[in-house]
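What follows is a short report on a single structure.
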Amino acid sequence: MDKSILYQSLLSKYCKQIVHMRQQYHLSSSNLGIVLGAGASKDIGLPNWKELVQCIAQHDQIKDLDVKIAPEGDPISNAQLLFQAYKAHMSKICDDEDRAYNRVDMKIRAQWQKIVHAALYMGTESEVEKLVPKDHYLWSLIKIIKKTPMTINYNFDDTIQRMLSATRTRSEIDQSRGYTTLWNSNVYMFPKNSVVYHPNGFLPYRITEHPSERLVFLEDSFADQLIDSMHGHYNVLSDYFTHNTCLLIGLSLSDPTLKHILRTNATNHPGIYHYYIKHVEKGKTPENEQAIADANFDVFNLITLFLTSEEISGLLELIEMSEDDFDEYVEEVGNLFKSYKYILVGSVAVGKSTAMSHFRNISTQDEWLEFMPEDMAKDPSKVDEKRIDDIDEWIANQWGKKNYKLLRITNGIHLIDRGPLDAFAFTPKGEWKNKAALTKKHISPGKSNRELCSAEIIFLVGDPYTMASRAILSQKDTDAEKLERQQNLIKYVYSTASVGVRTLDTRNKSKAQVAKEIARIIFMEDYEEAPLNKMLNDFLNGSAPEPVDLL
5 MDKSILYQSL LSKYCKQIVH MRQQYHLSSS NLGIVLGAGA SKDIGLPNWK
55 ELVQCIAQHD QIKDLDVKIA PEGDPISNAQ LLFQAYKAHM SKICDDEDRA
105 YNRVDMKIRA QWQKIVHAAL YMGTESEVEK LVPKDHYLWS LIKIIKKTPM
155 TINYNFDDTI QRMLSATRTR SEIDQSRGYT TLWNSNVYMF PKNSVVYHPN
205 GFLPYRITEH PSERLVFLED SFADQLIDSM HGHYNVLSDY FTHNTCLLIG
255 LSLSDPTLKH ILRTNATNHP GIYHYYIKHV EKGKTPENEQ AIADANFDVF
305 NLITLFLTSE EISGLLELIE MSEDDFDEYV EEVGNLFKSY KYILVGSVAV
355 GKSTAMSHFR NISTQDEWLE FMPEDMAKDP SKVDEKRIDD IDEWIANQWG
405 KKNYKLLRIT NGIHLIDRGP LDAFAFTPKG EWKNKAALTK KHISPGKSNR
455 ELCSAEIIFL VGDPYTMASR AILSQKDTDA EKLERQQNLI KYVYSTASVG
505 VRTLDTRNKS KAQVAKEIAR IIFMEDYEEA PLNKMLNDFL NGSAPEPVDL
555 L
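Going by the working numbering, the residue at position 238 of the sequence shown is 242; the numbering climbs one at a time, nothing skipped.
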């Protein structure tokens, strides 16, 4: 497929997701994490787990042991059967000297390592350059891996390392081999780029180049690994998924440790989401696409992308692409956004700031740019009128500055606390036009023609009595009746929008559930902007009248 057509097709389907991954990748210190499974290496001849076990079963030292494995059975269970049979056989024929010095187990595991190695690399090329014609997307990954601090590779092979070595510049060749390989938890001793971490163990093409002592390939080793994760020994992986937006490639989600870590992180961090590529064959329509996407989202905080090998390569190229080139392709598709702005609105103490705190892997903006005046926490009826005017001026000025920042945002996903039109819910009867004029003055100061930045509105609705209790802890002077009135006014303000406003009822929902629903709007739903500047002008010219019955 022509690259231009490929890029446009991908952007038409997954523009928002691609923009988010680019946002994370192009930070000064990349926050895009890469997690690889067996499927990532399939095109270059490396086997998946099922095929690997079948190759082991046909090895000269295994095939005559009369072990019957189920061809369609669990590969981990089959591998355990093969290993136990091999271990029993070797234990019978070992030398007495080995028994005396307790070297039997080490010899068995060393030889088993060689058997797995032979099966692993049976169908691949020895020279990395010969892999290029066979590979669809690993080479596209190399530029990304070079910039990212660490890559997680659940495979045993060193294909990524050999590619990193082969793509070094002349100056890089003089400085290092181009990567660091780890399989234990000493990751934090290597604060550098191009670290490849193998949590299941490492078995390089040249087996003498320091393989790991253990390969997590058998049922007992998976069980031990899962126990280790519960005792904190796998904090490295958990930390990785907490502090990065990860792209999972070539994984089937069958690894019990990976599933445990993903589920734990989804529970502990309901606002952090990762991307999972579900490989599909070219020309075939994925079965149960929506059900799979919903299940992965709800259980593992994964956003599922259904892609062919060619599309995976195109996706990686779009992520790594320069800003100018990316802009060109987005423009060619038309009707796409490069920046997605979501504004959380709602009454005092409805939980906006708490919800915001869950979203660590998108850009967030606080309610105010400076410390707010102390009198803002008081009941307006108890504040001097002159002081009220000063507060109104301060709020309008804050939104003028905040709006200027929002107008300059050209890419990424952004979550903003409190909307520019919320102020009308705190404005007395007969003053709405004046409030609109004041806001307009600060949004478009002097001779500027700035408009109020459009964004999608997420309106949080809460129980007034619950909010009143929260307000006490926030040192806010209010009550349930005033909060209900305030909530109804905010509802009216944003009901004047023709599109771009979503209502999220938070009543009887935990903080995690609220974060989850906000995440679904951001990551899974189509983006629509509310015409905030038009709404402001409507209040200014009277097209949107004051809600007299609510004031």
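Ideal Cβ positions, reconstructed from N, Cα and C, are used throughout, including at glycine.
- In the structure shown, M126 falls within a coil segment according to DSSP collapsed to helix, strand and coil.
- The beta carbon of C19 sits closer than 6 angstroms to the beta carbons of L340 from its chain, once the five residues preceding and following it are set aside; these are given in chain order.
- Judged by their CB atoms, Y29 and S317 are not nearer to each other than the 8 angstroms cut-off.
- Membership of F310 in the beta strand (DSSP E) is indicated by the continuous run 306-311.
- Around the beta-carbon of Y277, 16 or more other beta-carbon atoms lie within 10 Å, marking it buried.
- Membership of R506 in the beta strand (DSSP E) is indicated by the continuous run 505-509.
- For the pair L554 and L477, the Cα-to-Cα distance works out to about 27 angstroms.
- Secondary structure of S452 (DSSP, three-state): coil.
- Residue pairing of C250 in beta bridges, as defined by DSSP: G37.
- In this structure, L487 is the residue among L456, T312, L487 with its C-alpha nearest to the C-alpha of V465.
- Taking C-alpha positions only, K356 is separated from A440 by approximately 24 angstroms.
- Out of H418, F221, G37, the CA that lies nearest to the CA of S258 is found in F221.
- In the three-state reduction of the DSSP assignment, G350 falls in the strand class.
- The segment 11-87 is shown to contain whole alpha helix (DSSP H) runs of 4 or more residues at 53-61, in chain order.
- By DSSP's assignment, Q369 forms a beta bridge with I420.
- Per DSSP, Y498 is one residue of the alpha helix (DSSP H) stretching across 484-499.
- Excluding five sequence positions before and after A427, the CB atoms of its chain that fall closer than 8 angstroms to its own CB belong to D396, I399, A400, W403, K439, T443, given in chain order.
- Ranked by Cα distance from N272, the options E213, I22, L14, A516 are led by A516.
- Distance check between K7 and each of E321, M94, Y344 places E321 closest, using alpha-carbon atoms only.
- In the structure shown, M325 falls within a coil segment according to DSSP collapsed to helix, strand and coil.
- Rounded to the nearest angstrom, the gap between the Cα atoms of K538 and S361 is 30 angstroms.
- Excluding residues up to 5 positions away in sequence, K91, M94 lie with their Cβ nearer than 6 angstroms to the Cβ of I112 in the same chain.
- Within the same chain, Cβ atoms closer than 6 angstroms to the Cβ of F543 are found at W436, A440, the five residues on either side in sequence being excluded.
- Straight across, the Cα-Cα distance linking P208 with H214 is about 8 angstroms.
- Taken through DSSP and simplified to helix, strand or coil, L411 comes out as helix.
- Between I66 and I60, the C-beta spacing is below 8 angstroms.
- Around the Cβ of Q479, a 10 Å sphere holds fewer than 16 other Cβ atoms; the residue is exposed.
- The C-alpha of G423 is placed about 35 angstroms away from the C-alpha of Y11.
- Listed in chain order, the beta strand (DSSP E) runs fully inside the segment 107-187 are 154-157, 184-186, counting runs of at least 3 residues.
- As computed with DSSP, F463 is found in a beta bridge with V349, T507.
- In this model, L69 and H202 are separated by some 31 angstroms (Cα to Cα).
- Straight-line measurement puts the Cα of I307 at about 11 angstroms from the Cα of I22.
- The beta carbon of G546 sits closer than 8 angstroms to the beta carbons of K437 from its chain, once the five residues preceding and following it are set aside; these are given in chain order.
- Between the alpha carbons of F87 and E176 lies a gap of roughly 42 angstroms.
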